[in-house]
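Chains as they are written, first to last, in the working numbering: chain A, 33 to 261; chain X, 590 to 669; chain G, 590 to 669; chain F, 4 to 739.
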Amino acid sequence: MKFGVVIFPGSNCDYDTYWVLKEVFHQETLFLWHKDHDLRGIDCVVLPGGFSYGDYLRSGAIARFSPLMQEVREFAARGGLVLGICNGFQVLLELGLLPGAMLRNKNLKFLCQFVHLKINNAETPFTNQGRPGQVLRIPIAHYDGNFYAPPETMEEIKKNNQIVLQYSTSTGETTEEANVNGSLENIAGLINQQGNVLGMMPHPERASEAVLGSQDGRLIFQSIISWLS
Amino acid sequence: MKIRVLVSFKESVLDPQGQTVKNALHSLGYDFVKDVRQGKVFELEIDDLPREQLEVKIPEIADKVLANPIIEKFEWEILE
Amino acid sequence: MKIRVLVSFKESVLDPQGQTVKNALHSLGYDFVKDVRQGKVFELEIDDLPREQLEVKIPEIADKVLANPIIEKFEWEILE
Amino acid sequence: MIDKKTLEEHNLTPEEYQRIVELIGREPNLTELGIFSLMWSEHCSYKSSKIHLKKLPTTGPQVIQGPGENAGVIDLGEDLAAVFKIESHNHPSFIEPYQGAATGVGGILRDIFTMGARPIALLDSLRFGPLDQTANRVIMEGVVSGISGYGNSIGVPTVGGEVYFHPCYSLNPLVNVFCLGLAPKDKIFYARAGRPGNPVLYVGAKTGRDGIHGATMASAEFDENLEKKRPNVQVGDPFKEKLLLEACLEAMAQGLIIGIQDMGAAGLTCSTTEMAAKSGTGIEINLDLVPQREEGMTPYEIMLSESQERMLLVTTEEKVGQVQAIFAKWDLDAVVIGRVIEGKNLKVWFKGELVVDVPVEAVVNLCPVYHRPWKEPTERGQQILKELPSHPSDFNRVFRQLLASPTIADKEWVFRQYDHMVQINTVFLPGADAAVLRIKGTPQALAVTLDGNSAYCYFNPREGGKIAVAEACRNLACVGARPLGVTNCLNFGNPEKPEIMWEFKEVVEGMAEACRNFNLPITGGNVSFYNETEGNPIYPTPVVGVVGLIDDLKKALRPGFQNQGDLIYLLGPWGESLGASLYLREIVGQEKGPAPRVDLHLEKKIQEFCLEAIHQELLHSAHDISEGGLAVCLAECCFHSESFLGARIALPPEPRPDIALFNEDQSRLIVSLSPEKEKTFLQLAETKEIPLTHLGEVTGQAITITQAGQIIIDLSVAEAYQIWKTSLPNFFKIKS
Ligand SMILES: Nc1ncnc2c1ncn2[C@@H]1O[C@H](COP(=O)(O)OP(=O)(O)O)[C@@H](O)[C@H]1O
Ligand SMILES: [Mg+2]
């Protein structure tokens, strides 16, 4: 099984994601350059965190025009697995592979901290190693993670059980207080209707080694690996 | 020629930045300000184009690049 | 009444955002765009005030809150 | 043609001008004058500090590069080197807090990756005036978001730092940023031009009229003419810098670069002349080839521009194409703008004319060096606490007040805005005594800290200088790291005033003594003078950054208590004076000395003992006693425990409880250990002759302090935590 981590200009979690896939999970992993046109036979694309193009216009807005994103679009349409983490999630929204948009965090500040996440849907390629209601502790680090979608879209999202991860308390309550950035429905992770494209604001690659204080992020990668094998 | 494109949140979308500016103004005693909405402005210096072409091209780049139609709306004008 | 205040970097100040947008437009083939400057727009809903008062108050809040006079300039207009 | 007014505008004295004329054998033109004024400014030439900086020890077996390059380099064993440096961006941050702080981050990052190192951590030392004044809050918000905006975007974690509040920083905020990078030991790059004929390439952002005279500005006080001195403020572009970082490291990894120098303060002028001077060659550039952002720029403006995110590099003729290809990959231009030439002059061409022709040596190395007069100020001797303040009647109240003091209160409001985890090396998040970063693929870790207490330096600059070094090393000892190298940023007032010069000299001599005591080299740093507004200088503020190594990351220690029933010990003396303490200043309301003193011999013994005890795995926690004294240290040990563990300790009959609890005497830590290890611990302490006291134990959910059976402080950890945690955010609450 083969993973590809996309590098956009301004990506900065590309090496972290690569390190975890390659050195922690011992998977074959490639870097994919945004200007290329070829996904090189990978089974799962990861769009990593960072500030593609500085996020100067809107987070993820310019990266979506990269040549490689055309390939990613087709790959996703064929059912290939796509994981967008943080800025990668923002790119997926701008690409239209996921519904909705990101607004600035409700306190208008960048937020870097551990948060608790409740698994709302454990039947996805990205969460199948978890239980519904299970709580994970994984860090976030973003400025624009306040998820928004118009009411009709929210209806759809809920109807299709697309909410995968929600900001919660340590015991799994999705309270207002636990909703650090102000997202609708405490959304931290969202999947597309077909169930093969996941965007999540928290960084599982920052919580995959004991030395970093949490290994809860492993669940995401393990789920993908077991799904693919 | 010069084009100005204004991008702002749709009415239905909450604008926390605008709210914060409003609060800041109130705390300084500028109570005559009732509401604030914050948006972006782009000033484009472009090759001279006939009006009909502008009518196509400018909305195109506004829609595709400058604004995110899910949350934002835009308007544009010719400056000079 | 409604006031619009436009805030942008002074000419001599680097505008990385505008530059990045320009490059993106070029890479999409919109070569007729020669330059882009990005700024902020504030739409203020305010109590009706006579023109003379506006002439004092609006520049005052623009200078103090909306713009950073060290690197930014502003202009304003009455919308309605 | 060069009149008195022009000289004044360039901050050059008539004598300095005379010297320029002699050195170049004629009157300089305006561009040449600009070049000299920049490079001979205090900021670039160190003309007032040089003779004192020479006193600092700079050598040691681990030193690969000491002062004199963009950053210091220390050998980490195996094939890795640590590259680090600290820089100030005080003046720009006062003028425009967001951009000033942001470009400060950009500048120090360039210093590190110019050397061939990938930056892996940032730390920031910040000083502001009291937060009850709106202006100070505005500056602090701007500075913190500027650091966050730049560091987060470029993907270098900001893993630690310090924030102090004192009225002396109200109109003189300090923003010092430290950066640490890692490089392969055999691939360090220097500012060299190499051989004549080598092409000189300009890479990165275009040149605009940014910050012209920034360096000369950093070499003058602020006064009511501030408005006029406001240069074109530089706006940072972290995205461009990220591209520059990746492109430079890629070109270096492929062996395509001979020499490289960033263009920060003093831009093209500094980079061209320094590279040539270091190689003993000349250099020639054509300004028509320099990428420009604005129309009609003059040679003067181009040479003096401080536009950010630019680099100058030298390669060989054959490699130009490969270099350009790498930069193109990262959407950056790399333009050949000149060549290394025979001779020893800088030659600058503009529209076919030779507009500058001056010896690089004169520009870079022949600035006059000043032995500025110094004089000990008399009044400080009288600012000594003669009579003990009256004994507080309610220690619980005092304790709460101290925990809420912004200098002591939790800084999460600040570091939550910094991405402190990107690059997934950060093992100890901000809040511990030192930041700890694993070195991937090894059992080792790096520990880094910044320290400096200006109140001590005000009352006794020599002791303050020593303490800055001692305390930084003590912070490392607490986590289990051996210090390897030091960098420092010296923030002072106007060096032309003898009292300021005295402070400077004393601090430097104190630091030198402490470094020699710890056998530690100083590998670089920065001096920021003229931190005065309207004649009011800041307190002397040295900020010391120390980098250390932890051999076995598994043994690294945190400040928080671990287990109920663990024993709590005080290492070091009880202390005896409240002089210069935060308690005396903020609670009693008396700003009085004397400053604490540090016995360097004892300090070293205690640190070595701490390291040995950690190595033998005798301890469960260690935390250094600093601002707020023993009481605050104890509270922090409780706050950093996982479940609000409490502590019960007993004070001895002497000294008085306020002194025992709040004094800031040096060489002291609080450690905790399991009762089974006590015997071994005490034996080790005895063989090493370590003064220590059994304070009490980890127990319950409250902080309880008694003396002679009487309860003096009794506060639940949860309540104390709440006070400590919410103090800073409360200042910044958005009111609606
Ligand atoms: N306080 C200090 N202690 C030790 N070295 C210092 C100090 N201040 C400056 N230096 C060293 O002097 C050298 C000259 O500094 P300079 O070339 O001006 O560096 P910068 O690029 O930081 O302005 C640098 O190597 C710097 O590390
Ligand atoms: Mg430098």
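Positions of the beta carbon are idealized from the N, C-alpha and C atoms, including for glycine. Note that the structure is predicted; figures quoted are calculated from it, not measured.
Open item on the list: Under 8 Å: do the stretch 242-251 of chain F and the stretch 288-308 of chain F share three or more Cβ pairs, one atom per stretch?
Closed with: no
TODO: Have a look at Ala269/F and Pro202/F and give me their C-alpha separation to the nearest angstrom.
DONE: 21 Å
- [ ] Inspect the beta-carbon positions of Val630/G and Leu89/A and report whether they are closer than 8 Å.
- [x] no
TODO: Give, in chain order, every residue of the stretch 604-621 of chain G whose Cβ lies closer than 8 Å to some Cβ of chain A.
DONE: Pro605, Gln606, Thr609, Val610, Ala613, Ser616 and Leu617
Task: Beta-carbon proximity of Leu775/F to Thr452/F, cut-off 8 Å - done: The requested residue 775/F does not occur in the structure, where chain F is confined to residues 4 to 739.
Task: Own chain residues within Cβ distance below 8 Å of Leu643/G, not counting five before or after - done: Ile592 and Ile667
- [ ] Compare the C-beta of Arg640/G with all C-beta atoms of chain X and state if any pair is closer than 8 Å.
- [x] no
Task: Where Ile94/A meets chain G, residues with beta-carbon distance less than 9 Å - done: Thr609, Val610, Asn612, Ala613 and Ser616
Open item on the list: Could you tell me which whole beta strand (DSSP E) segments of length 3 or greater appear in the stretch 523-587 of chain F?
Closed with: 525-531, 544-553 and 570-574
- [ ] Work out the CA separation of Glu474/F and Phe192/F for me, nearest whole Å.
- [x] 32 Å
Task: Proximity test, Cβ basis, 8 Å: Trp51/A and chain F - done: yes
Task: Nearest-angstrom Cα separation, counted from Gln627/G out to Leu229/F - done: Note that Leu229/F has pLDDT 46, beneath the 50 cutoff, so the model's placement of it is unreliable and the number below is only indicative. If I take the Cα positions, the gap works out to 28 Å.
TODO: Please list, in chain order, all residues of the same chain as Ile115/F whose beta carbon is under 6 Å from its beta carbon, the five residues on each side excluded.
DONE: Ala74, Val86, Pro122, Cys182 and Gly184
Open item on the list: Please return the same chain residues whose Cβ sits closer than 6 Å to the Cβ of Lys646/G, not counting the five positions on each side in sequence.
Closed with: none
- [ ] Measuring alpha carbon to alpha carbon, tell me which of Glu103/A, Ala93/A and His148/A ends up nearest Gly249/A.
- [x] His148/A
Open item on the list: Against Met635/G, what residues of chain X qualify as contacts under a CB-to-CB distance less than 7 Å, listed in chain order?
Closed with: A quick correction: the sequence has Ile, not Met, at residue 635/G. Those within 7 Å of Ile635/G in chain X are Phe621, Val622 and Lys623.
- [ ] Would you list, in chain order, the members of the stretch 421-434 of chain F that have their beta-carbon closer than 7 Å to a beta-carbon of chain A?
- [x] Tyr421, Asp422, His423, Met424, Val425, Gln426, Ile427 and Val430
Open item on the list: Alpha carbons only, please: which of Pro131/A, Asn139/A, Gly86/A and Cys118/A is nearest the one belonging to Glu184/A?
Closed with: Pro131/A
Task: Contact set between Ile1/F and chain G, taken where Cβ atoms lie within less than 7 Å - done: Past the boundaries of the shown model lies residue 1/F; chain F is included only from 4 to 739, so the question cannot be answered.
Open item on the list: Run through chain G and tell me which residues come within less than 8 Å of Glu296/F, C-beta to C-beta.
Closed with: Residue identity check: residue 296/F is Arg in the sequence provided, not Glu. Those within 8 Å of Arg296/F in chain G are Leu603.
Task: Below-8 Å beta-carbon distance, Leu143/A vs any chain F residue - done: yes
Open item on the list: I want to know whether the stretch 587-606 of chain F touches the stretch 716-732 of chain F - three or more CB-CB distances under 8 Å.
Closed with: no
Task: Counted within 10 angstroms of its Cβ, other Cβ atoms place Lys231/F as buried (16 or more) or exposed - done: Residue placement at Lys231/F is flagged as unreliable, the pLDDT there being 44, under the threshold of 50; the coordinate-derived value follows with that caveat. Exposed, because fewer than 16 other Cβ atoms sit within 10 Å of the Cβ of Lys231/F.
- [ ] Report the residue from Ser51/F, Met504/F and Tyr167/F whose alpha carbon sits nearest the alpha carbon of Gly631/F.
- [x] Tyr167/F
Task: 8 Å contact criterion, which Ile329/F and Ala254/F should meet: CB distance rounded - done: 5 Å
TODO: Specify, as a first and last residue, the run of the alpha helix (DSSP H) that Cys492/F falls within.
DONE: Premise fails: Cys492/F lies in the beta strand (DSSP E), Arg485 to Asn494, not in any alpha helix (DSSP H).
Task: chain F contact for Gly214/A (CB, 8 Å cutoff) - done: no
Task: CA nearest to the CA of His66/A, picked from Asn193/A, Val78/A and Gly227/A - done: Val78/A
Open item on the list: Measuring straight from C-alpha to C-alpha, what distance separates Lys54/A and Thr61/A?
Closed with: 6 Å
Task: Within chain C, the residues that Lys599/X reaches when beta carbons sit closer than 7 Å - done: Protein chains A, X, G and F are contained in the structure displayed, whereas chain C is not.
TODO: Please name the residue, chosen from Lys50/F, Leu432/F and Val238/F, that lies closest to Gly164/F on a Cα-to-Cα basis.
DONE: Leu432/F
Task: Per-residue burial, Pro170/F [other beta carbons within 10 Å of its own, 16 or more giving buried] - done: exposed
Open item on the list: Is the beta carbon of Gly285/F closer than 8 Å to that of Ile344/F?
Closed with: yes
- [ ] Following the continuous beta strand (DSSP E) through Pro171/A, name the residue where it begins and the one where it ends.
- [x] Val167 to His174
Task: Under 8 Å between C-beta atoms of Pro501/F and Phe532/F - done: no
Open item on the list: Against chain A, with Cβ distances strictly below 8 Å, would Arg233/F count as a contact?
Closed with: Any reading at Arg233/F must be qualified, since the residue scores a pLDDT of 46, below 50, and its modelled position is unreliable; no value is offered.
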